[in-house]
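J.: Can you keep this structure in mind? I'll have questions shortly.
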Amino acid sequence: MPIVIPDKSDSASMDMTLELLLATGRSLPEAMMMLVPEAWEKHTYMDEDKKAFYQYNSCIMEPWDGPASIPFTDGKYIGALLDRNGLRPSRYTVTKDGYVVMSSETGVLEIDPENIQMHGRLEPGKMFLVNMDEGRIVEDDEIKKQISLDKPYKKWLKQNLLHLKDIPYTGNKTKIESEGFETRMRIFGYTQEDLKTIITPMSLNGKEAIGSMGVDTPLAVLSDRTQLLYNYFKQLFAQVTNPPLDGIREEIVTDISLSIGEEFNLFETHAEHSKKLCIQNPIISNEDLDKIKNLNRKDFKAASISTLYEINNGLNGLEDALEDMISEVDNALAKGVNIIVLSDRGVSPSLAPIPMLLATSHVHHAFKRFKKRSQFGIIIESAEPREPHHFSLLFGYGASAVNPYLVNEIITYQCNNNFILESAEKSINNFNKAIAKGIIKVMNKIGISTLHSYRGGQIYEALGLSKKLIDRFFYNTPTRIEGINLYEIEKEISKRHSKAYLHESKLGLPLEIGGDYRWRRDGEAHVVNPSTIASLQQAVRQNKPESYEAFSKMINDQNEKLMTLRGLFEFSGYDPVPIDQVEPWTKIVKRFKTGAMSLGSISQEAHENLAIAMNKIGGKSNSGEGGEDPKRFKPDKDGNFKNSAIKQVASGRFGVSSHYLSSAEEIQIKMAQGAKPGEGGQLPGPKVNPYIASVRNSTPYVGLISPPPHHDIYSIEDLSQLIYDLKNANRKARINVKLVSEVGVGTIAAGVAKAKADVILISGYDGGTGASPLTSLKHAGLPWELGIAEAQQTLVMNDLRSRVVLECDGQMKTGKDVAIACLLGAEEFGFSTAPLIASGCIMMRACHLNTCPVGIATQDPTLRKNFKGKPEHVINFMHFIAEELRQIMADLGFRTVDEMVGQSQKLNMKKAINHFKAKGIDLSKILHKPKVPKQIPERNTKSQDHNLENVLDIEILEKAKLSLKDKKKQQLNFHIKNTDRTIGAIISNEISKAHGADGLPEDTLKLNFTGTAGQSFGAFAANGLSMKIEGTVNDYFGKGLSGAKLIAKVPEKSNFVPHENVIVGNVALYGATSGQAYINGIAGERFCVRNSGAKAVVEGVGDHGCEYMTGGIALILGDIGRNFAAGMSGGIAYIYNDNALFDERKFNVEMVELENLENSDVVTIKELIENHIKYTKSPKAIGILKNWSKSVTNFIKVMPTDYKRALEMMAENKLEKSF
């Protein structure tokens, strides 16, 4: 039987692997170091022996990724290890009478403060170990030093590890292609758009091009145009159950280097394991590939295998070539080859290329079945790949390096002909760098840090490929709608091949235009095109139902011509009722919403126009993630209500305060966005004018990127906590969780329902966006038809459907779209692109450029004057949609939308589909209706019970009536446990409702606590509150702080040294907008992440401190962790440098400068320290102030360069003083 049994949980697999490693004779700590290494690859000051241990073992096995806090024991040792990212909380307490208590939270046992010796935390990649035989705690450095020196790892690496960059280049030995340059581009499917939109920007800038709006082109399996095999795969991404990672700001924990070579016996620890070829960037140049192909050393031998087939033999030729390829690889292995180069060089009129993804995965899986896969590495030499998605797929299905030789030729040609004004070498390096960044982004979407771990993981879903094809070539890849086989793949290859030679005979014809990312007359079909735009705008401006009918017919006809999955459906089971018996449009539109489009991505005029329109008809508009001007929370002088009923809480937390949340009818947690799931929001700098910056609490004209994860959601339990936090912050608001369609979203939706969300939104992959890397728009996420059906089925089968409202959005434009979504399970519906078109959008797809000519997606004051949209236009659109839906309901026999929800038996797949690719599609899984007892509801019938009646805040609320009503000062005392969560949020909600953003006067209500505070202590705490805790605090202290004063100090009876102990958990002051915090001890990882206005004093912080900070002040009177100030674009941090632990290499200086203090800084620091002493009696602060003249010279100022520039401009009156 296998050592690691398939289809078990991740934890079970890891446990089995650990047991195997222990069976080899390795100690438990050594085995854990192998499994879950630190992020050693880019660690600039790690001990060289320890780094050598990690590098040696990376030649043996890939690292396991988190987020995970892993406890372990074998009787002798008991310990725990945190993964490299440090996303999981792990706190421990050591008592004076010899006990150690470790848990994901502090305070799980109540311990007398006098008995506490220390409070600590696990740090990223670090190990906490107790040697039971010796009865002591073994420090991380001690145990790892001992293990690292046990074998001569540095010597073995020096003797055996071969670095590609160190191999001498002896000149080109690859044959020059006989076929012409343009012919080869056509054979491999290149278009003008590939050259201009994909390749050239990467060659120039070293990063992917940015685009905007959503995808409205056909799925690959429905397209009339030939498609590369890559386009039939969709990237999977993390949402809720684990977080996506941040390869931009937390690059130090990512790595794309790979080692290639034969693998040896795991049971032995010897030098041979390090006999590997090490490649730092696996996107390799032609020269580097030549080096590899001509390796003929004792330990490294390469062989090239052709991936071409006889085109005249059609499918048989392809089948034969695939089998011959396996035989050739097997023969090469028998001759001692351990590097296989799969090459598609040599195309000709008689030879066509097998899709490189097909060839790679075929070899990878065949030799896994033969149990020979560990004997060799695969390198790709291909003309085909040209964007990050292509490369990521090749690595995901087994490749170890890729040489995109035709792209290199294209770039060289562009440079030689002055299309690119740089050297070919630099431009190719830029392209390779951009692809590497793109691969990191794709890995990070699913929560993987290293390419070593990602390689061969095939973390994709196939869309439009048959199960038969998948089982043969891409084993274990999900595919749900069936689709094409090898026959159709060969037909697509053949079409491209014959077309290439046809064009060659007609010299002068350009490459095909493409048209995937922008509508072109002769390009790929788009649902939204000049005709449909004109038709819709005429309908809404003139309020003409017949014009809307023409628009609807155009959209529905296009869908039926095979653009979307819903275009393959037809209604069935007609049982008409009179239309006057169907509920009125005025009731139906209350289920309609506009999508999350932020103020900033669209103009103030466009944003407010949507809000006014939706408020007038009783629907809901969505603020998006950019905050909202508080002036809009009440009707204006003309009676227009511009408040967005839905307030979004995204990972950037822009503008999220108690007042903001209190203004909502619904609060939406954006876990993912259809256009770019697994990535954060993005607002280009030119659109961040002073007004937008003031709403977002950021720096004017500095681009904003939200973190890919919510830093308070790393698991379903964390999501439950945030739902609880937000429900406390506004008890009347529904809590909505936004997910994106992907395989498994049903299981996630079930977890979200159990986490007590009130609404679950399933977004399609084709939703719009104001700015996104181009390839993200197209290749991640699935159609909503799959997602909403899976969510409905899973919720019904688990009797959870009654608890939640299901919502759906993603390129909905007609009543028919709404009807299909409803029949599949949705009961509320979102629209984004269509309301913008109704408001005047002409789909220029220039949202990210700030040049929108109709004043919608721009902050340019001149262009904004061009906005001609009116609330009536949006209202008319919603009215038309509702009336079309009413007619469908009448035809099908439904009198209310409630009756219609989930009745998928009223849909059938069309019978006569003649499209050569689409005829293999099977949508039965979408249409499946679970068989459950009649009493189990198929729609929402009740509200969630959030259990807020007996929380401590309700008691506080009752006792604090005088403060709330009459602003009288009060002081209340409580003892709390770690089960008392989100203290302060309910009382703050009441303060915000009664007194607005200004809240109460300072210290109106003082709340004093002893014990251990649960998660989210002081979350969204409003002005006028002062909250002091004597004890310890868990994660998310001061989340969304909104003006209150928070104090965390050690108990009076304790006698440990506060500044050497961890008092506050991870992610303190996340998204704080204002207020003060004083912490008498150390805080954990990601302190002040996205702080945009609070002032904080703390005595030490973990890794990633002040990440994404845009405002406020952080004064740190102790040590900092790695990667401090990553992405910090505003605010100021001061670090007290008083010992040898201070190391400038801990700073991420990409966006900040380290400076000496100015006089104003000295005044600020002294005032904060005096306050800190006043509130906490901190010995560390007292010592600093006692010797102030010397101490003040030890401070370092961390100043964001863009913030400094903005302050200078403001001083010169060149910038409005509004931020």
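Numbered according to my numbering, the sequence shown spans residues 16 to 1234. Backbone N, C-alpha and C define an ideal beta-carbon position, used for all residues, glycine too.
Cutting at 7 Å between CB atoms, please list the residues of its own chain near valine 833, excluding the five before and the five after it.
T.: Closer than 7 Å at the Cβ level, and outside the excluded window around valine 833, lie Met827, Phe844, Ile896 and Leu900.
J.: Closest by CA to isoleucine 1238, which one among Leu323, Ala83 and Tyr1123?
T.: Any question about residue 1238 goes unanswered here, given that the chain covers just 16 to 1234.
J.: I believe leucine 792 touches valine 230 by the beta-carbon criterion, under 8 Å. Please report the beta-carbon distance rounded to the nearest angstrom.
T.: Confirmed, Cβ separation roughly 6 Å.
J.: How should methionine 147 be labelled, buried or exposed, when 16 other C-beta atoms within 10 angstroms of its C-beta is the threshold for buried?
T.: Exposed.
J.: Does the Cβ-Cβ distance between glutamate 53 and aspartate 531 come in under 9 Å?
T.: Contact flag unset, no.
J.: Rounded to whole angstroms, what is the Cα-Cα separation between leucine 815 and alanine 765?
T.: Approximately 7 Å, taken between the alpha carbons.
J.: Go to glycine 1058, then tell me how far its beta strand (DSSP E) extends in each direction, as first and last residue.
T.: Start and end: 1057 to 1064.
J.: Hey, quick one: how far does the alpha helix (DSSP H) through valine 1178 stretch, first residue to last?
T.: Its alpha helix (DSSP H) spans residues 1174 to 1191.
J.: For the candidate residues Thr322, Leu839 and Ala451, whose alpha-carbon lies nearest to that of glutamate 1248?
T.: Lying outside 16 to 1234, the shown extent of the chain, residue 1248 is not represented and no answer is given.
J.: When you compare the stretch 93 to 104 with the stretch 135 to 143, are there three or more beta-carbon pairs, one atom per stretch, that lie closer than 8 Å?
T.: A contact exists between the stretch 93 to 104 and the stretch 135 to 143.
J.: Leaving out five residues before and five after serine 562 in sequence, what residues of the same chain have Cβ atoms less than 7 Å from its Cβ?
T.: Taken in chain order, the residues that qualify are Ser550, Gln553 and Ala554.
J.: Could you pull the start and end residues of the beta strand (DSSP E) that histidine 990 belongs to?
T.: Element bounds for histidine 990: 985 to 991.
J.: Go through the stretch 801 to 841 residue by residue and report every complete run of the beta strand (DSSP E) that reaches 3 residues or more, in order.
T.: Fully enclosed beta strand (DSSP E) runs of 3 or longer: 820 to 824.
J.: Kindly give me the distance between the Cβ atoms of leucine 357 and valine 378, rounded to whole angstroms, as I take these residues to be in contact under 8 Å.
T.: Indeed they touch by this definition, with Cβ atoms about 7 Å apart.
J.: For the stretch 990 to 999 and the stretch 1029 to 1048, state whether three or more C-beta atom pairs, one from each stretch, are separated by less than 8 Å.
T.: A contact exists between the stretch 990 to 999 and the stretch 1029 to 1048.
J.: Using 9 Å as the limit for Cβ to Cβ distance, is proline 1016 near chain D?
T.: In summary, chain D is missing from the structure at hand, where a single protein chain is found.
J.: Just to check my reading of the structure: glycine 796 and valine 755 have Cβ atoms closer than 8 Å, yes? What is that Cβ distance to the nearest angstrom?
T.: Confirmed, Cβ separation roughly 5 Å.
J.: Relative to the C-alpha of serine 389, which residue among Asp345, Lys753 and Glu197 is closest?
T.: It is Asp345 whose Cα lies nearest to the Cα of serine 389.
J.: Please specify which runs of the beta strand (DSSP E), each continuous and at least 3 residues long, are wholly inside the stretch 1008 to 1074, giving them in chain order.
T.: Whole beta strand (DSSP E) segments, 3+ residues: 1020 to 1028, 1040 to 1048 and 1057 to 1064.
J.: Does the stretch 447 to 459 come into contact with the stretch 297 to 307, if we say contact requires no fewer than three beta-carbon pairs (one atom in each stretch) closer than 8 Å?
T.: Contact between the stretch 447 to 459 and the stretch 297 to 307 is present, because at least three Cβ pairs lie under 8 Å.
J.: Hey, which unbroken runs of the alpha helix (DSSP H) at 4 residues or more fall wholly within the stretch 465 to 494?
T.: Listed in chain order, they are 466 to 469 and 482 to 488.
J.: Would you mind working out which of Asn865, Ser397, Gly276 and Ile461 sits nearest lysine 313, comparing C-alpha positions?
T.: For the residues Asn865, Ser397, Gly276 and Ile461, the minimum Cα distance to lysine 313 belongs to Gly276.
J.: Output the distance between the C-alpha atoms of glycine 1126 and leucine 436, rounded to the nearest integer angstrom.
T.: Glycine 1126 and leucine 436: Cα-Cα distance of roughly 39 Å.
J.: Could you say which of Asp1013, Lys1054 and Asp1018 lies nearest to isoleucine 1000 if we only look at CA atoms?
T.: For the sequence presented, residue 1000 should be read as alanine rather than isoleucine. It is Lys1054.
J.: State whether the stretch 912 to 925 contacts the stretch 474 to 494, with contact taken as three or more CB pairs (one from each stretch) at a distance under 8 Å.
T.: Contact between the stretch 912 to 925 and the stretch 474 to 494 is absent, because fewer than three Cβ pairs lie under 8 Å.
J.: Report yes if the C-beta distance between serine 513 and glycine 329 is below 9 Å; otherwise report no.
T.: No, these two residues do not count as a Cβ contact at 9 Å.
J.: Just to confirm the assignment, what range does the beta strand (DSSP E) spanning proline 403 have?
T.: Run containing proline 403: none in the beta strand (DSSP E); it sits in the alpha helix (DSSP H), 403 to 411.
J.: May I ask you to report which of helix, strand or coil DSSP gives valine 1116?
T.: Three-state result, valine 1116: coil.
J.: Given this structure, state the Cα-to-Cα distance separating valine 11 from leucine 972, to the nearest angstrom.
T.: Outside the shown range of the chain (16 to 1234) lies residue 11, about which nothing can therefore be said.
J.: Let me check one thing: in DSSP terms, what residues is glutamine 663 bridge-paired to?
T.: Bridge partners of glutamine 663: Gln683.
J.: DSSP puts valine 115 in a beta bridge; with which residues?
T.: Note: valine 115 sits in a beta bridge opposite Val109.
J.: Buried or exposed for isoleucine 191, please, with buried defined as at least 16 other CB atoms from any protein chain shown within 10 angstroms of its CB.
T.: Exposed: under 16 other Cβ atoms inside 10 Å.
J.: So for serine 227, helix, strand or coil by DSSP?
T.: Here serine 227 sits in coil by DSSP.
J.: Can you find at least 3 beta carbon pairs, one from the stretch 239 to 255 and one from the stretch 800 to 818, that sit closer than 8 Å?
T.: No contact exists between the stretch 239 to 255 and the stretch 800 to 818.
J.: In the DSSP assignment, find the alpha helix (DSSP H) that holds valine 3 and state where it starts and stops.
T.: What the structure shows of the chain is the stretch from 16 to 1234, and residue 3 is not part of that stretch, so it cannot be assessed.
J.: May I have the straight-line CA-CA distance separating isoleucine 225 from histidine 863, to the nearest angstrom?
T.: Whole-angstrom Cα-Cα distance: 7 Å.
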